[in-house]
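Engineer:
Number of protein chains: 2
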Amino acid sequence: MRRTSFADMNCSIARALDLIGEWWTLLIVREAFLGCQRFGEFEARLGIAPNVLSQRLSRLVEGGILQVTATSQSGKALAYRLTDKGRDLHPVIVALAQWGDRHAAAPGGPPIQLVERATGMPIAPLTARSAVTDQPLRPRDVAVVAGPGASDADRARLSALRAQEQAQGRPMPAEPAPDACQGNRR
Amino acid sequence: MRRTSFADMNCSIARALDLIGEWWTLLIVREAFLGCQRFGEFEARLGIAPNVLSQRLSRLVEGGILQVTATSQSGKALAYRLTDKGRDLHPVIVALAQWGDRHAAAPGGPPIQLVERATGMPIAPLTARSAVTDQPLRPRDVAVVAGPGASDADRARLSALRAQEQAQGRPMPAEPAPDACQGNRR
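Those protein sequence lines, which keep their order, are chains A and B.
Its first residue numbered 1, the first sequence is counted upward by one per residue in our numbering.
Its first residue numbered 1001, the second sequence is counted upward by one per residue in our numbering.
#1: Find the residues of chain B that neighbour Gly149 (chain A), judging by a C-beta separation of less than 9 Å, and give them in chain order.
#2: Between which residues of its own chain and Val1052 (chain B) is the CB-CB distance below 7 Å, once the five residues before and five after are set aside?
#3: Report the start-end ranges of each beta strand (DSSP E) in the segment 1029-1098 of chain B that is 3 residues or longer and not cut off at the edges.
#4: Which word fits Pro1125 (chain B), buried or exposed, when buried means at least 16 other C-beta atoms lie within 10 angstroms of its C-beta?
#5: Using the DSSP secondary-structure output, state which residues sit across from Val142 (chain A) in a beta bridge.
#6: For the structure I just gave you, are there three or more beta carbon pairs, one from the segment 1110-1122 of chain B and one from the segment 75-93 of chain A, closer than 8 Å?
#7: Report yes or no: do the segment 1099-1108 of chain B and the segment 11-20 of chain A share at least 3 C-beta pairs separated by less than 8 Å?
#8: Output yes or no for whether 7 Å exceeds the beta carbon distance between Val92 (chain A) and Ala1131 (chain B).
#9: Taking CB distances under 7 Å as the criterion, tell me whether Ile13 (chain A) reaches chain B.
#10: From Pro1136 (chain B) to Arg1129 (chain B), what distance separates their C-alpha atoms?
#11: Could you tell me which residues DSSP pairs with Arg1129 (chain B) in its beta bridges?
#12: I'd like to know if the segment 1147-1167 of chain B and the segment 146-159 of chain A are in contact, where contact means that at least 3 CB-CB pairs between them fall below 8 Å.
#13: Assuming Arg1081 (chain B) contacts Leu1066 (chain B) under a Cβ cut-off of 8 Å, what Cβ separation, rounded to an integer in Å, is found between them?
#14: If I follow the unbroken alpha helix (DSSP H) through Gln166 (chain A), where does it start and stop?
#15: Are Ile28 (chain A) and Arg56 (chain A) close, meaning C-beta to C-beta below 7 Å?
#16: Residues in its own chain within less than 7 Å of Ala97 (chain A) by CB, not counting five upstream and five downstream?
#17: Nearest chain B C-beta to Leu53 (chain A) closer than 7 Å, yes or no?
#18: Against Ala146 (chain A), what residues of chain B qualify as contacts under a CB-to-CB distance less than 8 Å, listed in chain order?
#19: Can you tell me the Cβ-Cβ gap for Glu31 (chain A) and Phe42 (chain A), rounded? I've got them flagged as a contact below 8 Å.
#20: Please determine, among A:Leu26, A:Leu34, A:Glu22, the residue with the shortest C-alpha to C-alpha distance to Asp1141 (chain B).
#21: So, for Ala1077 (chain B): in the same chain, excluding its five sequence neighbours on each side, which residues have a beta-carbon less than 8 Å away from its beta-carbon?
#22: Please decide whether Ala16 (chain A) counts as near chain B, where near means a Cβ-Cβ distance under 7 Å.
#23: Does the CB of Gln1164 (chain B) have a neighbour CB from chain A at under 7 Å?
#24: Just the C-alpha distance for Asn1184 (chain B) and Asp1134 (chain B), rounded to the nearest angstrom, thanks.
#25: Tell me the DSSP bridge mates of Pro148 (chain A)?
#26: So, using beta-carbon positions, are Gly1063 (chain B) and Pro110 (chain A) closer together than 7 Å?
#27: Along chain B, which residues have their Cβ under 8 Å away from the Cβ of Glu116 (chain A)?
#28: Should Asp1084 (chain B) be flagged as near chain A, meaning a C-beta pair shorter than 7 Å?
#29: Please name the residue in A:Val145, A:Ala150, A:Trp99 whose C-alpha comes closest to that of Arg162 (chain A).
#30: Pro1139 (chain B): which of A:Ala79, A:Arg102, A:Ile123 sits nearest, CA to CA?
#31: Against chain B, does Arg155 (chain A) count as a neighbour if the rule is that its beta carbon must be under 7 Å from one of theirs?
#32: Answer yes or no: does any C-beta atom of chain A fall closer than 7 Å to that of Ala1095 (chain B)?
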């Protein structure tokens, strides 16, 4: 059952959640990162009802996160693979896994660990970083400014936020940097 | 309406999603990072029905992600603030925002930009990093190994995954597992 769509909310997080916000959806993406490709593999690993799995896989294909290819001449054997857009979800999956390991692990500890393939060492905790100095940033070191798609309402809200932050002793940068509008697109 | 709980799935991602996997939940956390504290502020900014907001706030308090304090003597004015556990969700929020900016932004572009407070420059794209060299890791550079909470089923599954990855030319790091002792060619 689909809930009201968040896609028309003018916020990248809401729009991202609209595509990937269903629990099963992110767990399917997790399995795809772990090498799952076939319907039956996803079904067995997730213990998910076939009709739900079918729906979610279709939605991931429609959303451009998975691509499906026939792997037999008859076209009956299908493989679901991550697209570039899907692979770009890696930081989301890693961030969720690390938070879960730290704050929601089962009593015995995390069942799996993410390690650097070359060394076998656990990967570093994901953290926001300065694009200028490459140094880790705490949440309070990160601010929000209007982007190219900001509506008048967004700008009004950001002004209110700026006033509130200044009152709390966390001044925003005086003016957004000239190229701030290029944003996080790599 | 709560769906079946994922908390008993032995996976940190599933358990994290069980706590924060509702769309509204993460949007509430996003607003908390932006300085929202009062019920009415969340309500106005998210356009969320009061009964849904009330449910979600309670769940976030129960889950230890928000803490609620009375800000007036009568106890009627309540402030919801992020706990340390809640603040640790920052990488999840940033990862979602960056993916959304890149892949799910509205036609006019992202409405807000995450910038480094000190410089006003956009923050760097979040990426997994080596704890050894601090260098960025691609998804293929990250592997999974059994953690302290791994069940027999988890270990069996990781063995199967290891065999599959070796067949694909992506050897896992040497690990104390019977089948990992055969030559790891790189």
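Quick reminder that beta carbons are idealized off the backbone N, C-alpha and C, glycines included.
Please read these numbers as outputs of a predicted model, since none were measured by experiment.
Structural biologist: Taking the structure as given:
#1: Ala1105, Ala1106, Pro1107, Gly1108, Gly1109, Pro1110, Pro1111, Ile1112
#2: Trp1024
#3: 1066-1070, 1078-1082
#4: buried
#5: B:Glu1116
#6: no
#7: yes
#8: no
#9: yes
#10: 4 Å
#11: B:Pro1136
#12: no
#13: 7 Å
#14: 152-167
#15: yes
#16: Leu114
#17: no
#18: Pro1111, Ile1112, Gln1113
#19: 6 Å
#20: A:Leu34
#21: Arg1038, Ala1070, Thr1071
#22: yes
#23: yes
#24: At Asn1184 (chain B) the pLDDT is 39, less than 50, meaning the model places this residue with poor confidence and gives no usable figure here.
#25: Answer is none; Pro148 (chain A) lacks a bridge partner.
#26: no
#27: Ser1130, Ala1131, Val1132, Leu1137, Asp1141, Val1142, Ala1143, Pro1173
#28: no
#29: A:Val145
#30: A:Ile123
#31: no
#32: yes
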